[in-house]
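Chemist: Numbering (full-length UniProt numbering), first residue to last: 1 to 106.
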Amino acid sequence: MYKLMIVDDSNIIRNRIERSLKNLSVEIVATASNGEQALQMFKEHKPELITMNLTTPEMDGLECIQRIREISADTSILVVSALSDRQTGLKALQYGARGFHLQTIH
């Protein structure tokens with residue numbers, strides 16, 4: 001079972017991701033609503049997978065990805081964001097994300 005951390009400033013989105021992954025082989029070890037909290041939770045729980053929103057308060061997702069990469073190159077980070085511009089997605093990949101998923105709002 002993989003250890004997962006969900007990072008999103010929206011409680012609704014965090015819950016939606018949690019429900020979507022409920023039947024998969026993942027254990028949600030932490031959730032965070034901002035980049036500072038995510039970095040602290042990362043150090044404490046050492047998740048193998050992270051879903052990361054880019055527009056989090058206190059420290060944005062891109063900076064958080066960079067800071068996590070300074071600690072661990074092995075953690076898989078999937079960006080889940082409503083930001084649809086190509087440059088942002090490419091920048092996230094350059095900073096160390098392993099994938100980019102466009103989040104649709106219903």
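Where a beta carbon is used, it is the ideal one built from N, C-alpha and C, also for glycine.
Just so it is clear, the structure is predicted and the values come from calculations on it, not from any experiment.
(1) Does DSSP put M41 in a helix, in a strand, or in coil?
(2) Out of curiosity, what's the CA-to-CA distance linking N53 and D8?
(3) Under the rule that 16 or more other beta-carbon atoms within 10 Å means buried, what is I12, buried or exposed?
(4) Could you round the C-beta distance between V79 and A97 to whole angstroms and report it? I think they count as a contact, below 8 Å.
(5) Which of the three DSSP states is assigned to E70 in this structure?
(6) Would you say the stretch 59-77 touches the stretch 12-30, given that touching needs at least three Cβ pairs under 8 Å?
(7) Rounded to whole angstroms, what is the Cα-Cα separation between R14 and I6?
(8) For a quick check, are the C-beta atoms of E48 and Y2 less than 8 Å apart?
(9) Determine which residues share a DSSP beta bridge with K3 and list them.
(10) Hey, could you find the ends of the alpha helix (DSSP H) L90 is sitting in?
Modeler: Quick look at the numbers:
(1) Against the sequence shown, residue 41 aligns to sequence position 41. In this structure, M41 counts as helix in the three-state DSSP scheme.
(2) Taking the first residue of the sequence shown as position 1, residue 53 is located at position 53. Taking the first residue of the sequence shown as position 1, residue 8 is located at position 8. Each residue's alpha carbon lies about 5 Å from the other.
(3) Counting from one through the sequence shown, the residue named residue 12 turns up at place 12. Exposed is the call here.
(4) Here residue 79 refers to the residue found at position 79 when the sequence shown is read from its first residue. Here residue 97 refers to the residue found at position 97 when the sequence shown is read from its first residue. The pair is a contact, with the Cβ atoms about 5 Å apart (cut-off 8 Å).
(5) The count along the sequence shown starts at 1 and reaches residue 70 at position 70. Here E70 sits in helix by DSSP.
(6) no
(7) In the sequence shown, residue 14 corresponds to position 14, counting from 1. In the sequence shown, residue 6 corresponds to position 6, counting from 1. Taking the straight line joining both Cα atoms gives about 6 Å.
(8) In the sequence shown, counting from the first residue as 1, residue 48 sits at position 48. In the sequence shown, counting from the first residue as 1, residue 2 sits at position 2. Against a cut-off of 8 Å, the Cβ pair of Y2 and E48 comes out as a contact.
(9) What you label residue 3 is simply residue 3 of the sequence shown in a count that begins at 1. In the DSSP output, where bridge partners are listed per residue, K3 has E27.
(10) In the sequence shown, the residue the question calls residue 90 occupies position 90. Unbroken alpha helix (DSSP H) run through L90: R86 to Y95.
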